[in-house]
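Undergrad:
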Amino acid sequence: MGSLKTFIKNVRKSKTIADERAVIKKESASIRTSFRDAGLDHTTRRINISKLLYLYILGEKTHFGQVECLKLLASPRFADKRLGYLATTLLLDENQEVLTLLTNSLDNDMQHPNPFIVGIALCCLGSVASADLARDLHGNVERIFTSNNPYLKKKACFVAAKLVDRDPDLAETFMPKIDQLIGEKSPSILLGVSRLIQAIYDASPESRPALVKTVPRIVGHIKRVVSTGYLPDYDILGVTDPFLQVSLLSTLRTLAMDSTCSEKYLEEINDILTQVASNIDTGKNPAHAVLYECIKTIFTIRSDQSLRVLGVNLLGKFLSSKDNNTKYVALNTLLTVISIEPQAVQRHRSTIVSCLSDGDISIRRRALELSFAILNESNVRVLVREILQFLENCQDNELKPYITSQLIYVSDKFSPNQKWHFDTLTRMLRSAGSDVSSESVSHILALIMQCKDTELKKHVISKLVSSWLHDSTQFCLSLVTIWTLGEYGDLVLESGIYTEETEKVIDDTLILSIIESGINNTTFTESETTLLVSYVLTAIIKLSIKFKRPESIERLRVILNSKTHDTNLEIQTRAVEYKEIFTQDLQLKKGILAKMPPPVMKEAQTMSLQGSSHQ
Amino acid sequence: MAIQFILLLSRQGKMRLSRWYQTVSQKEKAKITKELTTLILSRRAKMCSVLEYKEIKIVYRRYASLFFVTGIEQNDNELLALETMHRFVEQMDKHYGNVCELDIIFGFEQAYHILDELILDGYVHESSKKEVLRRVSQQDELENMDEFDNILT
Amino acid sequence: MSLEKKIRKFLQGPKKGEAYELRSGLVSQYKYERKDAIQRVIQAMTVGKDVSSLFPDVLKNIATYDLEQKKLVYLYLMNYAKSHPELCILAVNTFVQDTEDPNPLIRALAIRTMGCVRVARMVDFIEIPLKRTLSDDNPYVRKTAAICVAKLFDLSPKACVEFGFLDQLRGLIKDSNPMVVANALNSLFEIKDMNVDSSLVVLEFDSELIKTLLMCLNECTEWGRITILDTLTKYEASSSEEASHIIDRATPQLQHANPSVVLSSIKVILHHLGSVKMPAQRSAILKKLSSPLVSLVSSSIPEAQYVGLKNIRIILEKYPQILSKELRVFFIKYSDPLYLKLEKLEIMVRLANESNSTLLLSELKEYAMEFESALVIKAIKSIGSVAIKLPDCVIKAVNILSGLIDQRGDSLIVNETTTVFTNILRRYPGKNDYITLIVPIISAHVSEINKSEATASYIWLFGEYPKYFSNLKDHLDSLVDKFLEYESSIQLHILTSVVKINMASSSNKYSNHLQRVLELATKECESADVRDKAYIYWRLLSSTSTDSQKKVILAKLPPIETTIPSFNPVVLEHLIKELSTLSSVYHRPSYTFIDPSVYSPVNEVQ
Amino acid sequence: MASQVHFLDIKGKPLLSRDYKGDIPPNTIEKFPLLILELEDDNDEESNYKPFINHQGINYIYISHNNLYICALTRKNENVMAIIVFLSKIVEVLTQYFKTLEEESIRDNFVIIYELLDEMMDFGYAQTTDTKILKQYITQDYFKLIKKTPSRIVQPPNAVTNSVNWRSEGIMYKKNEAFLDVVESINMLISASGHVLNSEILGKIKIKSHLSGMPDLRLGLNDKGIFSEETNNRNLDLEDIKFHQCVRLSKFENEKIITFIPPDGEFTLMSYRLSSNQFLVKPLILVDCKIKVHQHSRIEIICSVKAQIKKKSVANNVEVMIPIPEDADTPKSSAQYGSVKWYPEKACLIWKLRTFPGGKQYFMSSELGLPAVSDPEAILSKRPIKLNFSIPYFTTSGIQVRYLRINEPKLQYQSYPWVRYITQAGDDYTVRIK
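Here the protein sequences line up with chains A, B, C and D, keeping their order.
Under our numbering, the first residue of the first sequence carries the number 1, and numbering increases by one thereafter.
Under our numbering, the first residue of the second sequence carries the number 1, and numbering increases by one thereafter.
Under our numbering, the first residue of the third sequence carries the number 1, and numbering increases by one thereafter.
Under our numbering, the first residue of the fourth sequence carries the number 1, and numbering increases by one thereafter.
Okay, here's the thing in C-alpha cells:
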C-alpha cells in the first residue's frame, strides 16, 4: 500500500481519462482488500480512510468504507478520531443504516474530558443527525450548555438547532436555554442562538410568543455591533462582523412578522434598521451584504414610511452600481418591494427594461420578472411591446413558457381594449407558439368565444390565419388557428386577408390546405401531433356543416376516414365517432355541432421564475 | 442562511473539494456537479456571481485557477455567501501560507478542518478571523502529541 | 482585496507581458525567434485568446522560404483578416508571387489561402492568379484553384461571372485528372446553392456529361466518388437503358470500404431504379442491396452504424422485403451505445415474420430484462408490435409480458405492458380468449398504473369491456371524482368511457356518473377540446333518435393494423430522395429544419 | 460538407478548431457543452444522446473518441454519413501520426494538426485523407528537413492527384516479397444455456507488400461458388465483400477477378463477412459459468471451458473474462489449468489459458467478498462473459489463397508470396449469464 500522496500523484499523472479510471479502480480495490484484514492497525486504516476521502472528492463510490470510518473514530487516539469523524460526516448521511452503530461513540465522546473530542463529536452529530439520533443524544447537547466552554457552547447551539429541525418535539427541550444564551456577548454564541431561535420558531408555534420577547435583546446586540469601533478580528473592509449582523437581522425579520410582536418592539426595530441603513456604506461588498439584509427586512416587516423611502433609495443606488452582483440583488429585491412601494419601483422602469438585453442570463431573468411585476394599465402598451420584442429574439428556451403565460396574465388584466388584447396574443403565438402551455391555449380560446363583437372575431381569425401562413411550425398557433377555423369558419369564409406580400381569400381550399398540413405535419413531436390531429378532427366535423361545395365536404370525409385506423386510441375513437356523425342528417348535425357556448372565464395564473415563492 | 453545498472546481472542471450539507444521493450529486461545471465554466468573467439553478441559487467566484461554488436557498443572502467563500480562502491562505491549488489537492484534510471550524451544518458558526485557525492548530498539536505518545509507548 | 490579488499573482504569474513578449519575438532579428513567436501566437489563437492586435507584426513574416512558417502566417491571416481588412492588401504581393512559385505546393497554398481571406478588396487582386492556377500544369494546383472559384463566388458573384471563371470551371469537369473533376463539381454545386440570380445557369447535366463522370468514377478517391455519386442522384435518366447503365456503374461501388461511398451508391441505385422498365431486373437489382445495407451496421464507427440504421429504416419502409432474412445482424451487442440499441430494435420489429418470430421474441425478452429503462420500454413495445403484426404470436407474447410483470413487476413495466395489451385487444377485437387472458392481468394492477398513455388504455378498456371488470363502479367513482385533476387527454377518455358504459348498460346504474361527468366537462373544464367533445355527446344524447346515438357512441373501432410507426407517404418520398443526408437521420424533410436563407451568401461585400 | 471542424474535450470545451467556410459565427461551438448536457439531462438514461444535434439552424455532427468529441458544423442538409466517416478519418490519420489521439496530443501537435486539416479539407470539401500519402509531404520533423534541404524540395507527391493515388512511383526493394495474412474474427452470442443465438465471421486479407516499381497483382482464392450468384449449393457465400480502393471494382464486378496495384507496406486488401444466415457455427470454445451472489457477504463462481475444435488444433492465449460486481474484494481462486487474476479496473476476473488443445475441458472456481454495506446505486447490469483466443493455421470459413501472381511490367522480377491463416475471437464473442 502506497501513501496517499503517491495515490494522488498517480491519479494526476494519468494522461488519459481511461488511465485515470484504472488507477482509481485499482486503488479502490486494494483499499477494499486491506479492509478485510482483521488485524489492521490504525495507522494503515487511517491511510485507507484518507484515500477514501480522496475517492469521495473525485466522486467515486465509497460505500464499502462506511463501517471502517466508524471503527476509526472509536479509537482512543485523537488523530484517529479526528479523521474518523471527518470521514463519517462526508461519507455518511442521515439515511445510512450503519448510523445506529454511531450512537454509542457519539454518546461517549460528547462526554469526553477533552473539549476538542467533544467538539468533533458535536460537529458530526450536527451533520448526520437523523430523527433517531436526535432523540437518543439530545441530552448530551443539553449538558454542554451548562458547561462554561464558549467553543463548545457555540457549536451546541447549531447542533441543537439541527436536532430541533429533525425532531420538532425537541423545541421544548432547548427553549429554556434561549433566555440565558441571548444574554451572552460572544459573537459566535450569538450566531448560534440566532440560528437556534429560528429553528425553534419554525418547529414550535407555541414557543413563538416567548421568542418574540427576545427582540429587544437582539436589537441591543445589533446596536452594539454597529456602534463598536474597529475590531480587527471581526472587521471586513470597514464593516464589523457582517456575518453576525446579517444573522441577527434575519432573525429579527422572522420575529417581527409574528402576530404577537408589539408596536413597541416594531418601533425599536424601525429605529435599529434606520441606524443600520444610514450608517454603513463603504460601497464594498460586505457593506452591501448587510444593507441588502436590512433592505429585505425593511420591506418584509411593517416599517415606517420614512424607512421605506430610505430602503428604496438604497436600492436605487444598488441598481445603478457597476458591480453586477449588486445590480442583481437590487433587481431581486425590487420584486418584493413592488407591492409596498409601487411608485418607487416604477421610477426605475427604463433601467429594468434595459437589463432585459443584458449579456448575463441571471440579470435577464430578474429583469424579466420585474418587468412583468411593474406592468400596469398606464404602461402596458409600452412594456408589452418591449417584452414581445424580447420574446421574438429570445434564445433562452427555458424562459419562453414563463413569458407567454405571464403575457396572458398581464394582457388579461391590463389590456386597454379588446383588439389590442387579441393582437398581442396573436403576436405572441406567432413568435413563441411552441412554448405556450395548454392552459394558456384554452384561455385564449375562451377569450375568443367570449368575444361578442363579430367584426373583431373576424379580425382575430384572419390575423391567426395570416400568422399561420407566415409560420406553420408554431405548435400552439396551429392549435388555436385550427380550432377557431372549425368553430367560426363560416364567419370568415370568402373574406380576404393580407399576408406579407399578397392578398389571399379564405376559402374552402385554403382551409383544407391548413387542415391537411395539420394532419401531415412533420415538425411536431408525437404527443403534439396527437393533440393537433385531435383538434383537426373536431374542426373537420364542424366544418362539414359549414362548407358549401360538395367536393370540399367530400374531401373532409376522406381525411376523417383516413384516421379511423390510427394507432392512437384518442384519434381513432374520435375519427370513428365523427365518421358516424358525418352520415347523420344535416338537421341533427346542425344541432350537435351548434356554436359552443362561451365558458366561464377563469383568471389567468401568475407565476414566478424562482423556485420558491417570495416572502 | 443555509448553505447547501460548497464545491471547489478547477478551471478544467475537476473537483478539488466538496462538502454537502444536505442529504443528497451520490447520483444526484454527480448530476448537479456535472451540470454546474458546464454552466459555470461557460460563463464569462464579467457576469454576476449568481446563477439561478432549479430551486436554489448558485453563488460562485473564481480565485486564480479555482472556482469556489456554493449553493444557497432562494431567500439567502447572495452577497454574504461571497463573503463566506472569501473568508474560507483567506483562512486557507493564512494556514497554508500563500495557498495554491496544489496545497488543496494534497492537503484536502486540512482544508476540510478549516472549513468545519468555519461552517457547521451549512451555517457560518465562527466569524472571528483568528479563532478558526487557532482552533485548527490546537487540534493539529493534539494530533502531534498523540504521535509523540505513540512513539513513547 | 489584496489577498485575492496575491493569490492570483502567485498562481498565474505575471500576465501583462504576454502580448509584448510575442510582439518583440515577431520582429526579432533572429529567424528562429520569429518563428517561435509565430508558433506561440497560433497556440494562443488555438486556446481562444484574441491575438488580432498582433496582425501587422505577424504579417511582416509572410515573405519567407520556410514553408512551415508560411503556412502558419497564412493560417493566422485567414483567421484575423476581417479585423484588419486594409492590412491584408499588404499581403497581396506575396500571395501573387507565391502563385508563380516553382513549387506547386506553394502555388496551391497561396491560391487556397487567398480565397479564404474574405475581404472585399481581395476580389480585385485574385483575378490573374486564379486564372493562372486554374490552368496550371500541376493537377494539385488545379484542384485547389477549382475550389477557390466557389470561394470567390461567395465573396462576389458578379466578379466571378464577369471574369469568366464559371466557364473555366465547367471546363474542368472534363479535366484529365479525376480529383480536379471532383473538385470542379463540388465547386459548381456550391455556387449553384449560393446563386440567387435566377437568370444565371450554373450547371446543367446531359447524358454526355454523365457518361464522362461515370468513366471517372473508378479513378477517384473515395471523396471524389461520393461527389460523383451524389451528382448522379440529381440527374434523371432519359431512358431505361441509361438508368441501367448508371446502376451498373454504381453497383461495384457497393463493395467500397468507405460506408459513405456504399450508402451514396445505394442512393444512386434507388434513385434510378424507377426508370428501369423490366420488373425482373428491378428485383434483381434490389436483391443486390441487402448485403451492402447490412454492411453499414457492421462498420467500426458506432456513429456511422447509427446513420446506417436510420437510413435502413427509410429504405425498409419503401422496400419492406429487402432485408427479410437478416434479422440476426440487428441483435444488440452488450457494448453498443444505448442510441444504437434502441435504433436496432426499430429495425428488428420491422423484420418480424412468421419464420423468425420465435427467435425474435426470445431475444426481445432478454432486452426487457436489461437495466436501461429506455431499452426495457422499447423491448416491451416491440414485443407488442410483433404480436400485433403476427397473429400466431399473440399468446406467446402475452405470456412473456405477464411473466415479466411477475418477475420484475415495477410500475414502469406495468404501465408499458398495459398499453401494449390494450393495443393487442384493439388488433383482435372481440376475441374472447384474448380478453379473458389479458383483462384480469390489467385489472389486478390498475392501482399501479400512473403514466398517461397506460391510464388512457385501461379507461378505454372499461368502456369497451365493462363486464370483465368486477369493481367497475368503484373505478368509475374515483375517475369521475378526480375528473378535474386529470390532464385533458385522460379526461377525454373518461368522458368517452362513461358515455359508452351508460349507453350499453340497460339499467340506470351509471346515469349519475354520466350527468356529473358531462357537467364537469362542460362547465368546469378549461380545455376547449374536452368541452367540444362533451357538448357533442350531450347534444347527441339529448337528440331523439336512440338509433343514431348508439350508432355513434357504440361504433366499433376497426382493428388497428400495426403499432409500428410509419412515415406519412409525402414524407417518405422526401426521405427517399434525401438518403444519407441530415434529413435521413432526423427523419424529417429538409425544409422543416433548414433555414432557406442558408443558401444565400452570408457575408455581403462591403 | 462541413463549415467548421472542432476538437473538444469530454466536457465539450474546444481544444482546436478550423473554420473552413466562414458561414457560421465562430463562437457557435461554445453552445456545444450545454447542448450535450441538455441531451443527457432530458432523460437519466441518456437515451436522447445522438451523434447529431440541430439547434437554431446549426447542425452539430460529432463522433466521440478517447474522451474527445470531434464535431463538424453545417447549416445545410449535408451528407451526414460522409461527414461522420470524414471525422473518423481525421481520427485515423491523427492516430497514425501521433500513436494515440487525446487531449494532450492535440495540444502538443497543434501546428501539424492545422496543416493536416488544411490538406484533408478545403472550403468544407474532403480532399486527401490517406495517411501514407499525407506522410510524404506533411512531415512531423519539419524542422530537421528544412535544415538539410531547402523547402522547395517538399512537393505534393503525384500520388495525391493521380488515378493511382495510393502509391508513389520509384519504390525499390532488394528483395521483393509479399506477405498475406488471412485473419478471421469470430463474433458469437451464446445464451446462458449454451445455444448460439447469433454468429458471424469477419474475415480480412491483409497484405504487407515489399515490392518494387508498379507491380500489378492478381489474387486467386478457392472461389468456386464464393463469388457466385446462386446460393443453393453448399458452397460458401461471402457477404458484403469490401475492397481496398486499389482493387479494380468493375473488373471484380464483371469477371470476379481480384486485380490491383498494391500500396507500399501494410494494408487490408479485402474484408468479408459470413453471417449466421448460412450456418450457425457451434461455439469454438464453450463456457459454462455459474455465479451465485450472497448479498452483503460474498460471491461464488464456478466455471468450465471446453475447446470444441479439432484434436490436433490448439487455441492460444485463451482469456475468459468473467464479470463481477464493481465493489467485490479479496478474490480466492483456483483453476485446474491456467491462471485467474482479478482486474478491478475492468470489474472482472480473467482466466488465462496460454495453450488449449482441442477436445480438452478445464474447471475453475472463485470466491470474492462483498461489502457489508451494499452500493445504494448499483445497477443490475447483466454483463456477459467475454472470450478472447486465437487459433493458428485455421480458417473457419474454409477460404484459401490459391495464388498471388505478381507482375511488374518494367522490372520483371521474381517474387514469392507468403500466406498465413488465423482464426480469432472478434470484439464480440460473448456468453450471456443468468
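Cβ atoms here follow ideal geometry from the backbone N, Cα and C, with glycine treated the same way.
None of the values given here were measured: they were computed from a predicted structure.
Determine whether the Cβ of residue 63 of chain A lies closer than 8 Å to any Cβ atom of chain D.
TA: Yes, residue 63 of chain A lies at the interface with chain D (some Cβ there is under 8 Å from its Cβ).
Undergrad: Go ahead and label residue 182 of chain C buried or exposed: buried means 16 or more other beta carbons lie within 10 angstroms of its beta carbon, across all protein chains shown.
TA: With 16 or more other Cβ atoms within 10 Å, it is buried.
Undergrad: If you count every other CB in all the chains shown that lies within 10 Å of the CB of residue 36 of chain A, and 16 or more means buried, which is it?
TA: Looking at its Cβ environment, which holds fewer than 16 other Cβ atoms inside 10 Å, residue 36 of chain A is exposed.
Undergrad: To be precise: take each residue of the segment 9 to 20 of chain A, compare its Cβ to all Cβ atoms of chain D, and keep it if any distance is under 7 Å. Which residues remain?
TA: Against chain D - using a Cβ distance shorter than 7 Å - the residues of the segment 9 to 20 of chain A are 15, 16, 17.
Undergrad: Leaving out five residues before and five after residue 403 of chain D in sequence, what residues of the same chain have Cβ atoms less than 7 Å from its Cβ?
TA: Within the same chain, residue 403 of chain D has close Cβ partners 220.
Undergrad: Quick one: list the residues of chain G neighbouring residue 84 of chain D, beta-carbon separation under 9 Å, in chain order.
TA: Note that chain G does not occur in the displayed structure, where the protein chains are A, B, C and D.
Undergrad: Taking CB distances under 8 Å as the criterion, tell me whether residue 262 of chain D reaches chain C.
TA: Cβ-Cβ to chain C under 8 Å: no for residue 262 of chain D.
Undergrad: Strictly under 8 Å for the Cβ-Cβ distance: is residue 10 of chain D near chain C by that measure?
TA: Cβ-Cβ to chain C under 8 Å: no for residue 10 of chain D.
Undergrad: Residue 599 of chain A CB to nearest chain C CB: under 8 Å?
TA: So yes, residue 599 of chain A belongs to the interface.
Undergrad: Taking C-beta to C-beta, are residue 25 of chain A and residue 344 of chain D nearer than 8 Å?
TA: Yes; because the gap between Cβ atoms is below 8 Å, this pair is in contact.
Undergrad: Just to make sure I have the definition right: I need the residues of chain A whose C-beta is within less than 7 Å of the C-beta of residue 60 of chain B. Which are they?
TA: What residue 60 of chain B touches in chain A: nothing, since even the nearest Cβ is about 11 Å away.
Undergrad: When you compare only the Cα positions, how much space is there between residue 358 of chain A and residue 47 of chain C?
TA: Distance between the alpha carbons of residue 358 of chain A and residue 47 of chain C: 26 Å.
Undergrad: When the cut-off is 8 Å and only beta carbons count, does residue 602 of chain A lie next to chain C?
TA: Residue 602 of chain A counts as touching chain C.
Undergrad: For residue 212 of chain A, I'd like the list of residues in its chain whose CB is within less than 6 Å of its CB, leaving aside the five on either flank, ordered along the chain.
TA: Taken in chain order, the residues that qualify are 255, 258, 260, 261.
Undergrad: Going straight from the alpha carbon of residue 11 of chain B to that of residue 41 of chain B, what length do you get?
TA: For residue 11 of chain B and residue 41 of chain B, the distance between alpha carbons rounds to 7 Å.
Undergrad: By Cβ distance below 7 Å, which residues in the same chain neighbour residue 492 of chain A in space, the five residues on each side in sequence not counted?
TA: So the qualifying residues of the chain are 458, 461, 462, 506.
Undergrad: With a threshold of 8 Å between beta-carbons, can residue 376 of chain D be considered close to chain A, or not?
TA: It does; some Cβ of chain A falls within 8 Å.
Undergrad: Please check the pair residue 74 of chain D and residue 2 of chain D, which I expect to be a contact at CB under 8 Å, by giving their CB distance rounded to whole angstroms.
TA: Residue 74 of chain D to residue 2 of chain D, Cβ: 5 Å. Contact.
Undergrad: Less than 8 Å between the beta carbons of residue 601 of chain A and residue 487 of chain A, yes or no?
TA: For residue 601 of chain A and residue 487 of chain A, no; Cβs fall outside 8 Å.
Undergrad: State the start and end residues of the unbroken alpha helix (DSSP H) segment that holds residue 571 of chain C.
TA: Start and end: 569 to 577.
Undergrad: Under a three-way DSSP split, which group does residue 566 of chain A fall into?
TA: Residue state, collapsed to three classes: coil.
Undergrad: Note down the Cα distance separating residue 495 of chain A from residue 524 of chain A, rounded to an integer number of angstroms.
TA: Roughly 30 Å separates the two Cα atoms.
Undergrad: If you measure from the beta carbon of residue 567 of chain A to each beta carbon in chain C, is any gap under 8 Å?
TA: Yes, because at least one Cβ of chain C sits closer than 8 Å to the Cβ of residue 567 of chain A.
Undergrad: Interface residues of chain C around residue 435 of chain D at Cβ under 8 Å?
TA: The first residue shown for chain D is 1 and the last is 434, placing residue 435 of chain D beyond what the model contains.
Undergrad: Taking residue 261 of chain A as part of the alpha helix (DSSP H), name the residues at either end of that continuous run.
TA: That residue, residue 261 of chain A, is in no alpha helix (DSSP H); it is neither H nor E in DSSP.
Undergrad: Give the DSSP-derived three-state secondary structure of residue 171 of chain D in the structure shown.
TA: DSSP places residue 171 of chain D in coil when its eight states are reduced to three.
Undergrad: Measuring only between beta-carbons, confirm whether residue 329 of chain A sits less than 8 Å from chain B.
TA: For residue 329 of chain A, the answer is yes, since a Cβ of chain B falls inside 8 Å of its Cβ.
Undergrad: In chain C, what lies closer than 8 Å to residue 596 of chain A by C-beta?
TA: 528, 531, 532, 535, listed in chain order.
Undergrad: For chain D, is any of its Cβ atoms less than 8 Å away from the one on residue 605 of chain C?
TA: Note that residue 605 of chain C scores a pLDDT of 32, beneath 50, so its modelled location is shaky; the value from the coordinates is reported in the next line. Residue 605 of chain C does not count as touching chain D.
Undergrad: Starting from residue 256 of chain C, find everything on chain D with Cβ-Cβ shorter than 9 Å and list it in chain order.
TA: Result: 242, 243, 245, 249.
Undergrad: Under the rule that 16 or more other beta-carbon atoms within 10 Å means buried, what is residue 140 of chain A, buried or exposed?
TA: Looking at its Cβ environment, which holds 16 or more other Cβ atoms inside 10 Å, residue 140 of chain A is buried.
Undergrad: May I have the straight-line CA-CA distance separating residue 25 of chain D from residue 527 of chain C, to the nearest angstrom?
TA: Cα-Cα distance, rounded: 43 Å.
Undergrad: Specify, as a first and last residue, the run of the beta strand (DSSP E) that residue 208 of chain D falls within.
TA: Start and end: 196 to 210.
Undergrad: For residue 74 of chain B versus residue 56 of chain B, is the C-beta distance shorter than 8 Å?
TA: Yes.
Undergrad: Counting pairs of beta carbons, one from the segment 223 to 236 of chain C and one from the segment 252 to 267 of chain C, are three or more of them closer than 8 Å?
TA: With a cut-off of 8 Å, the segment 252 to 267 of chain C and the segment 223 to 236 of chain C count as touching, because enough Cβ pairs lie within range.
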